[in-house]
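Below is one structure, written out as structure tokens; the observations come after it.
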Amino acid sequence: MKLLRRGGSDESDNEDLGASESVAAPQSEGGRGTTGKGRPTPKRREAEARRRGPVAPAPLTAKEARARRKAAKQSLSKDERKAQAAERRAAAGERRTRMLAGEEKYLLPRDKGPVRAYVRDLVDSRRNLVGLFMPMALILIMTMFLGPVVQQYVTLAMFAMIVLMVIEGIYLGRLVNKKVRARFPDTTEGGFGLGWYAFVRASQIRKLRAPLPRVSPGDAV
Numbered sequence: 001m002k003l004l005r006r007g008g009s010d011e012s013d014n015e016d017l018g019a020s021e022s023v024a025a026p027q028s029e030g031g032r033g034t035t036g037k038g039r040p041t042p043k044r045r046e047a048e049a050r051r052r053g054p055v056a057p058a059p060l061t062a063k064e065a066r067a068r069r070k071a072a073k074q075s076l077s078k079d080e081r082k083a084q085a086a087e088r089r090a091a092a093g094e095r096r097t098r099m100l101a102g103e104e105k106y107l108l109p110r111d112k113g114p115v116r117a118y119v120r121d122l123v124d125s126r127r128n129l130v131g132l133f134m135p136m137a138l139i140l141i142m143t144m145f146l147g148p149v150v151q152q153y154v155t156l157a158m159f160a161m162i163v164l165m166v167i168e169g170i171y172l173g174r175l176v177n178k179k180v181r182a183r184f185p186d187t188t189e190g191g192f193g194l195g196w197y198a199f200v201r202a203s204q205i206r207k208l209r210a211p212l213p214r215v216s217p218g219d220a221v
């Protein structure tokens with residue numbers, strides 16, 4: 001009897017031991033990567049985000065965005081504000097320099113693309129009468145302080161000049177569209193918009209054009 005009881009107790013002990021091992025196994029497997037407190041170790045990014053606190057939602061209106069910028073500005077010291085202003089000016093100057101150099105990434109939407117670059121080269125390789133529009137306008141303003149006779153002659157000369165500029169603008173628009181179709185047969189650009197783009201660039205003083213000219217007058221394009 002004692003042997004039976006001892007065998008039965010041994011079997012029950014083995015069952016209890018197996019059950020305890022089966023319970024401990026998943027706990028040990030699930031406990032991998034946990035701290036002594038029984039929870040997973042937080043990642044560095046999560047810990048930093050928790051220290052910073054909740055992220056504010058994006059502003060819904062321009063007024064709210066201005067208010068946030070004002071609040072952020074007030075939280076900075078005078079030296080920090082000066083440093084930020086200097087950084088913004090330097091970044092703006094860098095962007096303008098690259099834009100004037102013709103880098104595609106920094107160009108305005110109206111100037112982007114190989115077609116617009118080709119049109120600029122076509123305009124810059126010509127000596128255009130339209131480019132005298134701004135100097136002539138300044139001369140007209142200066143003659144307003146002279147006598148009426150001089151004003152009359154200058155006005156007639158300006159009127160004749162404007163007629164010639166309109167004629168040249170029409171010719172330039174047609175020329176640009178023709179050359180663009182020959183160079184880029186698959187392009188969707190063309191028509192009045194492209195001609196107007198060429199006319200506006202041609203009417204600007206050469207040194208004030210943006211992007212700056214890449215070719216000289218008379219160069220083959």
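Count the sequence shown with full-length UniProt numbering and you get residues 1 to 221, in order.
Just so you know, even glycine gets a beta-carbon here, dropped at the ideal spot from N, CA and C.
Fair warning: this is a prediction, and the values are worked out from it, not measured in the lab.
Proximity to residue i [Cα-Cα], best of the options
i, options, result
"residue 199", "157, 131, 146, 149", "131"
"residue 107", "212, 70, 217", "212"
"residue 205", "93, 80, 134, 184", "134"
"residue 157", "120, 65, 139", "139"
"residue 210", "192, 169, 101, 188", "101"
Pair within 8 Å by beta-carbon distance, residue i and residue j
i, j, result
"residue 122", "residue 179", "yes"
"residue 221", "residue 194", "no"
"residue 197", "residue 69", "no"
"residue 125", "residue 218", "yes"
"residue 149", "residue 143", "no"
"residue 112", "residue 104", "yes"
"residue 66", "residue 73", "no"
"residue 99", "residue 136", "no"
"residue 183", "residue 118", "yes"
Terminal residues of the alpha helix (DSSP H) in which residue i lies
i, result
"residue 193", "192-203"
"residue 112", "Here residue 112 belongs to no alpha helix (DSSP H), and DSSP marks it neither H nor E."
"residue 106", "Careful: residue 106 lies outside any alpha helix (DSSP H) and carries neither H nor E."
Counted within 10 angstroms of its Cβ, other Cβ atoms place residue i as buried (16 or more) or exposed
i, result
"residue 202", "buried"
"residue 96", "exposed"
"residue 225", "A question about residue 225 goes unanswered here, because the residues of the chain that appear run from 1 up to 221."
"residue 166", "exposed"
"residue 146", "exposed"
"residue 172", "buried"
"residue 120", "buried"
"residue 169", "buried"
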